[in-house]
């Protein structure tokens, strides 16, 4: 097949940089334009120094005629981009911001929520994607199977720690090295913006929207999310009509739910963040204790939590294997 022509808008940020790292080596993609309002004419490597020697691309303000455009813009700016940028007929949009996660209809376009391992059938037929948020990806990977089985019967409690890249590239007091180093802090306690999209998914899967008590935390590392999730455990209804209540039943159900998901794995051993950093993987670990189920969920916030999942969505829209261009070497140390 001919290569997919891809444009990236908002090309100087962290998620755009991660997209460039992925798409430069994608066997079925040609990057035709990387848009920026502040760096027109400058080389990509003047901003993304790790790509020095890998590409001669320069930033531009011309969209060209792409087959797909990735929007790596600030939240609220994707609608403005669509309003002001003429796109060729048939051009797909994959939005990495939050403009269309809760409000999927805009200017005749419908944006499908791109949680790849839960809404695969919808994504395969989609033209436009609202890419999930990073926290939302980690948390939903842990609880979507329970929601699908109507097994969430109580509040869901989540504590999740994210790396500093989750705050974006623009420097601020709470992203400064002197603040983040050797430090942990809570922010947006119980009010984080990703709660809306998580609740929407829960309602779509089970018809109910459970109370999710989410405590986000800033970690003193650059990449990754470690989400610790627990809720009441009353078991899972099995195929024979009985209710499975053991740890083995829980693990078997999660493995079955994700059997066709090439990047989501259920580990019977304890998991640690370095096992997923620089990969598109989700690792889950399940424990039961005193009537509760605990699920640890870990991802790289820039890959599976943003740009990697966006490329998964692109692959599926264009009829490629879900894993194309997304098999990376994990960081062991």
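Residue numbers (the numbering used here): 1308 to 1640. Don't be surprised by glycine CBs; every beta carbon is placed ideally from N, CA and C.
Use the C-beta contact count for residue i: other C-beta atoms within 10 angstroms, 16 or more gives buried, fewer gives exposed.
i	result
residue 1616	buried
residue 1661	The shown model of the chain, from 1308 to 1640, leaves out residue 1661, and the question about it has no answer.
residue 1640	exposed
residue 1517	buried
residue 1357	exposed
residue 1587	buried
residue 1509	buried
residue 1345	exposed
residue 1483	exposed
residue 1553	exposed
residue 1629	buried
residue 1624	buried
residue 1492	exposed
residue 1485	exposed
residue 1319	buried
residue 1355	buried
Can you tell me the Cβ-Cβ gap for residue i and residue j, rounded? I've got them flagged as a contact below 8 Å.
i	j	result
residue 1444	residue 1612	5 Å
residue 1522	residue 1466	5 Å
residue 1292	residue 1637	The question about residue 1292 has no answer, for the chain in this structure spans 1308 to 1640.
residue 1375	residue 1311	6 Å
residue 1533	residue 1585	With 8 Å as the limit, residue 1533 and residue 1585 do not qualify as a contact, their Cβ atoms being about 15 Å apart.
residue 1570	residue 1589	6 Å
residue 1409	residue 1504	6 Å
Excluding the 5 residues flanking residue i on each side, which residues of the same chain have their C-beta closer than 7 Å to its C-beta?
i	result
residue 1646	Since the first residue of the chain shown is 1308 and the last is 1640, residue 1646 is not available in this structure.
residue 1380	1316, 1317, 1388, 1404
residue 1418	1402, 1407, 1411, 1435, 1436, 1437
residue 1321	1472, 1475, 1476, 1609
residue 1620	1401, 1421, 1423, 1430, 1436, 1438
residue 1365	1348, 1349, 1350, 1351
residue 1449	1534, 1536, 1591, 1602, 1604
residue 1529	1470, 1471, 1472
residue 1566	none
residue 1369	1340
residue 1627	1335
Going by beta carbon distance, what residues of the same chain come within less than 6 Å of residue i, once the five residues before and after it are set aside?
i	result
residue 1385	1378, 1402, 1404, 1406
residue 1550	1542, 1544
residue 1594	1601
residue 1323	1315, 1317, 1379
residue 1464	1520, 1537
residue 1495	1523
residue 1574	1590, 1592
residue 1506	1516
residue 1580	1531, 1533, 1605
residue 1568	1424
State yes or no: is the C-beta of residue i within less than 9 Å of the C-beta of residue j?
i	j	result
residue 1331	residue 1361	yes
residue 1434	residue 1468	no
residue 1605	residue 1576	no
residue 1326	residue 1367	no
residue 1429	residue 1420	yes
residue 1631	residue 1382	no
residue 1395	residue 1373	yes
residue 1539	residue 1598	yes
residue 1607	residue 1548	no
residue 1446	residue 1536	yes
residue 1440	residue 1500	yes
Excluding sequence positions up to five away, which residues of its chain have a Cβ less than 8 Å from the Cβ of residue i?
i	result
residue 1497	1520, 1521, 1522
residue 1359	1352
residue 1313	1330, 1336, 1337, 1338, 1339, 1373, 1374, 1375, 1376, 1377, 1621
residue 1371	1312, 1314, 1339, 1340
residue 1572	1565, 1588, 1589, 1590, 1591
residue 1502	1519, 1521
residue 1556	1542, 1543, 1545
residue 1390	1414
Let me check you understand the geometry: is the CB of residue i closer than 8 Å to at least one non-hydrogen atom of the ligand SAH?
i	result
residue 1601	Among the components modelled here there is no ligand, and therefore nothing to report on the ligand SAH.
Worksheet item: Is the segment 1447 to 1459 touching the segment 1513 to 1524, taking contact as three or more C-beta pairs under 8 Å?
Response: yes
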